[in-house]
Amino acid sequence: MGTLNLDAKIPDGQLATKWGSHKSKIKLVSPANRKKYTVIVVGSGLAGAAAAATLGEMGYNVLCFCYQDSPRRAHSVAAQGGINSAKNYKNDGNTVERLFYDTIKGGDYRAREANVYRLAELSANIIDQCVAQGVPFARDYAGLLDTRSFGGVQVARTFYSAGQTGQQLLLGAYSALSRQIKAGTVKMFAAHEMLDLIVDGDGRARGIVSRDLRGGEIKSFIGDVVILCTGGYSNVYYLSTNAKGCNATAIWRAFKKGAAFANPCFTQIHPTCIPVSGDYQSKLTLMSESLRNDGRVWVPKKAGDKRPPNEIPEDERDYFLERRYPSFGNLCPRDIASRAAKERCDAGFGVGSTGFGVYLDFHDSIKKVGKDKIAERYGNLFDMYKELTDEDPYDVPMRIYPAPHYTMGGLWVDYNLMTTIPGLFAGGEANFSDHGANRLGASALMQGLADGYFILPLTIGDYLAGAKLSKLSTESSVVIDTENQVKERLNRLLSNKGKRTASDFHRELGRIVWDRCGMSRSAGGLREAIKMISDLGDRYWRDVLVGGTAFDLNQQLEIAGRVADFFELAVLMCVDALEREESCGGHFREEYQTADGEALRDDKNFSHVSVWSLNEANEQCELTKEPLKFENVSVATRSYK
Amino acid sequence: MNFKLKIWRQKLGNSQGFFSDYLISNIDPDTSFLEMLDILNEQLVIQGEDPVAFEHDCREGICGSCSMTINGRPHGPNRLTTACQLKMRSFADGAEIVIEPWRAKAFPIVKDLVTDRSAFDRIQQAGGYVSVNTGAACDANTIPVEKESADLSFYAASCIGCGACVAACPNGSAMLFTAAKVAQLSLLPQGAPERSHRAIAMVERMDQENFGGCTNHGECQAACPKDISIRFISDLNREFITAQAKKIYGKRASRRS
Chain A
-1 MGTLNLDAKI
9 PDGQLATKWG
19 SHKSKIKLVS
29 PANRKKYTVI
39 VVGSGLAGAA
49 AAATLGEMGY
59 NVLCFCYQDS
69 PRRAHSVAAQ
79 GGINSAKNYK
89 NDGNTVERLF
99 YDTIKGGDYR
109 AREANVYRLA
119 ELSANIIDQC
129 VAQGVPFARD
139 YAGLLDTRSF
149 GGVQVARTFY
159 SAGQTGQQLL
169 LGAYSALSRQ
179 IKAGTVKMFA
189 AHEMLDLIVD
199 GDGRARGIVS
209 RDLRGGEIKS
219 FIGDVVILCT
229 GGYSNVYYLS
239 TNAKGCNATA
249 IWRAFKKGAA
259 FANPCFTQIH
269 PTCIPVSGDY
279 QSKLTLMSES
289 LRNDGRVWVP
299 KKAGDKRPPN
309 EIPEDERDYF
319 LERRYPSFGN
329 LCPRDIASRA
339 AKERCDAGFG
349 VGSTGFGVYL
359 DFHDSIKKVG
369 KDKIAERYGN
379 LFDMYKELTD
389 EDPYDVPMRI
399 YPAPHYTMGG
409 LWVDYNLMTT
419 IPGLFAGGEA
429 NFSDHGANRL
439 GASALMQGLA
449 DGYFILPLTI
459 GDYLAGAKLS
469 KLSTESSVVI
479 DTENQVKERL
489 NRLLSNKGKR
499 TASDFHRELG
509 RIVWDRCGMS
519 RSAGGLREAI
529 KMISDLGDRY
539 WRDVLVGGTA
549 FDLNQQLEIA
559 GRVADFFELA
569 VLMCVDALER
579 EESCGGHFRE
589 EYQTADGEAL
599 RDDKNFSHVS
609 VWSLNEANEQ
619 CELTKEPLKF
629 ENVSVATRSY
639 K
Chain B
35 MNFKLKIWRQ
45 KLGNSQGFFS
55 DYLISNIDPD
65 TSFLEMLDIL
75 NEQLVIQGED
85 PVAFEHDCRE
95 GICGSCSMTI
105 NGRPHGPNRL
115 TTACQLKMRS
125 FADGAEIVIE
135 PWRAKAFPIV
145 KDLVTDRSAF
155 DRIQQAGGYV
165 SVNTGAACDA
175 NTIPVEKESA
185 DLSFYAASCI
195 GCGACVAACP
205 NGSAMLFTAA
215 KVAQLSLLPQ
225 GAPERSHRAI
235 AMVERMDQEN
245 FGGCTNHGEC
255 QAACPKDISI
265 RFISDLNREF
275 ITAQAKKIYG
285 KRASRRS
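Listed below in structure tokens is the structure:
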């Protein structure tokens, strides 16, 4: 058992007043003093751009980094369906309490009550802020904001901009960031990748070592506090809906420097993606969950039925989500919809050339509301589907299959979003904080922006006001040492005379993790995976071939470094999945299920956050448990039937 | 499928570039264009050659990273399709395919197919925002926005900032990009207070960045993978003239718009 002394720093008092009273008690940095502090923000997605912009507005000196050539390209841009909010514009009973409850339940009772409540509380302000920035949300004919429904809920609380909500919210945050760059409060380093974290002699996070991806220069940046908003690690699976560049290097380097990692096995497999078609495939394309508002999911009732979908009569179709989960139907949560699709395909009812696909059919909705209305709601998604598959979803049902999409696990943070390293904060998907074992649709954007606009800018001040920081310069030995470690690692990769590319190894790693630590997991499979990944990881360092130099734009070197970190993280995912002997949310252990195949949670033994850290010798991962207390919701079996 | 690729290679921005020929075979028609380049690059790495550098990230047509001219057309032959969404079935088996970087004075070449598009970021920084600090917003439904304006604003905002418009323009103009951003904000009441300043500042920045002027070729619209219309360019011209007039004659002239 691990020895971490975890204090989540949850404020006292009633749930509904915790954040308010915390805000009024928090230490502040006066406006005049803020410019004396340098805040390093890594990542420019929703959480990173929002935090950097807001801290810049407050007067801090901000350095912001992203690996893309422009902050506007961070992968938040690809989020499609929408953003949740507790605003009750539809008068359908949407409240802060209900959003809180839905999120806790959706996460299968594996998230902290206080964090989730705060998220729900802040969600209304987020919409206000974005509208004020000029984010063009969908509106009705009265000129007021429109909303729609998403999986796992029975109200329409999701604000959206067609199927491009992430893009519009990111461009809003990017515009706020651009304003601060012009004002000189934020200095932007695009095409820079963080390769290590600098921790000073007092154990505080003080900076990063980055590589300029264009020129290859390795450089250290020193500040007073470091915020990681570097996204999730779904690319462990090689094939996922994430952008090709998404990686875990920043959070994994932080882990190696002492930041604890929480719930690494909590990964989300999104039910509606375009199925895999061949070995050459480099990524999977998501079809927004919002499509399940109007699309009905089905497979043929007869196994191996090869007739074209439109020739299969109504009574020979199995609308399996509506059949199994009548009260939520096609809008049941992601983990449940994914497993149900897998179950049908494994049983031989899958469609498409591979048999790993189910239909998402819009025929009924088109008949009801018309093709134009459907085009208005999802036009860009339908076009994208047609471009990729050569099939027109207005005429033929889409074929979909689950794919890795989001990781609920991430760096452990306290209520202030600080990791176990003082001065190192984590926001957005990079932390573990709000989604428990399964994230509800349209909640990632909400969390990224809540962290970035409203939480981090306050809690950073609290930390800085109370921290006595020692002097540190880029000449300090701890900085030089970290820099040298980074260079050595790059040299080791470059000087290797192997025979296989890093991507080739990555594909093999991805298959192992997908098969054994994907939609369903078993003790035997996980043990096997741990051995296979460790062996393959050893071979990686012997047999990878990178080529080129470190002093130039070298995309193969970028990939090689990221894949090396995925190997280590993949082992921890499997170890965590093996240790958690229950099924909850996205974590489905075959040994723990009910007679009708539903997840069987074990609240007696596993109502905790699994927090992993390296031992003193930096060799062994140790587990510490943060118990979860539920004082405001009664923990129940999660049913969407 | 088999292809003969003619790819622009350039080690550094200031070095001499040239076309290199590559043969690639056994490509599945459903392979995407960038996956085809991945396959080529893995082969080059194994052969000890320098792989082709190209920008890419989301591979679903929304991040705007991918930026290559394919057979003389930015993003390739299919309309409304980014290079990352282009499938090899769009080409004839055995075809020769010419692949080049964006060619524009304002987008200097970094390496091979990678160009420096940071000029777009600087145009945005000149005024592509609403000056509202976090926390200062009123309730989101306080100001209704006519649906037509909101929809048009969204349409303008769907620009992905890839730069195909600049690459397609004989003058290397960034008018479509700039116009789309100005339109998005000036169509909304939230963007109205700064509209004059915004139009002037963004156009001035665009001119400083070595982009050419617009002479109404319309190539930008034809190349735009997001179908951004050149109507926004005429809107920008009106916006700019109104703003200039307002600057010179004071408030009276602005009543026209």
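Taken in order, these protein sequences are the chains called A and B.
Quick note on this note's numbering: the first sequence kicks off at -1 and runs consecutively.
Quick note on this note's numbering: the second sequence kicks off at 35 and runs consecutively.
Glycine included, each C-beta is placed from N, C-alpha and C at the ideal position.
On a predicted model such as this, the values are computed, not experimentally measured, just so you know.
Please confirm if residue i has its CB atom under 7 Å from at least one CB of chain A.
{"i": "G197 of chain B", "result": "no"}
{"i": "I15 of chain B", "result": "Outside the displayed span of chain B (35 to 291) sits residue 15 of chain B, for which this structure offers no information."}
{"i": "K181 of chain B", "result": "yes"}
{"i": "T168 of chain B", "result": "yes"}
{"i": "G206 of chain B", "result": "no"}
{"i": "L219 of chain B", "result": "yes"}
{"i": "E69 of chain B", "result": "yes"}
{"i": "C254 of chain B", "result": "no"}
{"i": "A153 of chain B", "result": "no"}
{"i": "N48 of chain B", "result": "no"}
{"i": "I264 of chain B", "result": "no"}
{"i": "F274 of chain B", "result": "no"}
{"i": "I96 of chain B", "result": "yes"}
If you measure from the beta carbon of residue i to each beta carbon in chain B, is any gap under 7 Å?
{"i": "S275 of chain A", "result": "yes"}
{"i": "E526 of chain A", "result": "no"}
{"i": "Y115 of chain A", "result": "no"}
{"i": "Q178 of chain A", "result": "no"}
{"i": "V633 of chain A", "result": "no"}
{"i": "L551 of chain A", "result": "yes"}
{"i": "P134 of chain A", "result": "yes"}
{"i": "G446 of chain A", "result": "no"}
{"i": "Q127 of chain A", "result": "yes"}
Straight-line CA distance for residue i to residue j?
{"i": "A87 of chain B", "j": "K384 of chain A", "result": "29 Å"}
{"i": "D185 of chain B", "j": "E314 of chain A", "result": "41 Å"}
{"i": "D344 of chain A", "j": "S351 of chain A", "result": "14 Å"}
{"i": "G128 of chain B", "j": "L195 of chain A", "result": "49 Å"}
{"i": "A339 of chain A", "j": "R321 of chain A", "result": "13 Å"}
{"i": "A118 of chain A", "j": "D126 of chain A", "result": "14 Å"}
{"i": "S147 of chain A", "j": "R155 of chain A", "result": "6 Å"}
{"i": "L555 of chain A", "j": "V561 of chain A", "result": "10 Å"}
{"i": "V132 of chain B", "j": "I41 of chain B", "result": "6 Å"}
{"i": "P391 of chain A", "j": "F380 of chain A", "result": "6 Å"}
{"i": "N167 of chain B", "j": "I282 of chain B", "result": "30 Å"}
DSSP three-state label for residue i, please.
{"i": "T212 of chain B", "result": "helix"}
{"i": "N378 of chain A", "result": "helix"}
{"i": "K139 of chain B", "result": "coil"}
{"i": "S291 of chain B", "result": "Its pLDDT being 47, under 50, S291 of chain B is placed unreliably in this model, and the coordinates cannot settle the point."}
{"i": "E273 of chain B", "result": "helix"}
{"i": "Y139 of chain A", "result": "coil"}
{"i": "M35 of chain B", "result": "coil"}
{"i": "W539 of chain A", "result": "helix"}
{"i": "K366 of chain A", "result": "helix"}
{"i": "R232 of chain B", "result": "helix"}
{"i": "P625 of chain A", "result": "strand"}
{"i": "D55 of chain B", "result": "strand"}
{"i": "E617 of chain A", "result": "coil"}
{"i": "V469 of chain A", "result": "Note that residue 469 of chain A is Lys in the sequence shown, not Val. K469 of chain A: coil per DSSP, three-state reduction."}
{"i": "M70 of chain B", "result": "helix"}
{"i": "C582 of chain A", "result": "strand"}
Is residue i near the ligand ADP, in the sense that its beta carbon is under 6 Å from a heavy atom of that ligand?
{"i": "H606 of chain A", "result": "What this structure holds is no ligand at all, so the ligand ADP is not there to describe."}
Going by DSSP, which residues form a beta bridge with residue i?
{"i": "P298 of chain A", "result": "A:R315"}
{"i": "C271 of chain A", "result": "A:L284 and A:Y399"}
{"i": "A597 of chain A", "result": "A:Q591"}
{"i": "I216 of chain A", "result": "A:R209"}
{"i": "S611 of chain A", "result": "A:E620"}
{"i": "L422 of chain A", "result": "A:V224"}
> Which full runs of the alpha helix (DSSP H) of 4+ residues lie inside the region 16 to 74 of chain A, going along the chain?
Replying inline: 16 to 23, 29 to 32 and 44 to 56
> Quick one: complete alpha helix (DSSP H) runs, 4+ long, within the region 312 to 354 of chain A?
Replying inline: Entirely contained in the region 312 to 354 of chain A, the alpha helix (DSSP H) runs reaching 4 residues are, in chain order, 318 to 322 and 332 to 344.
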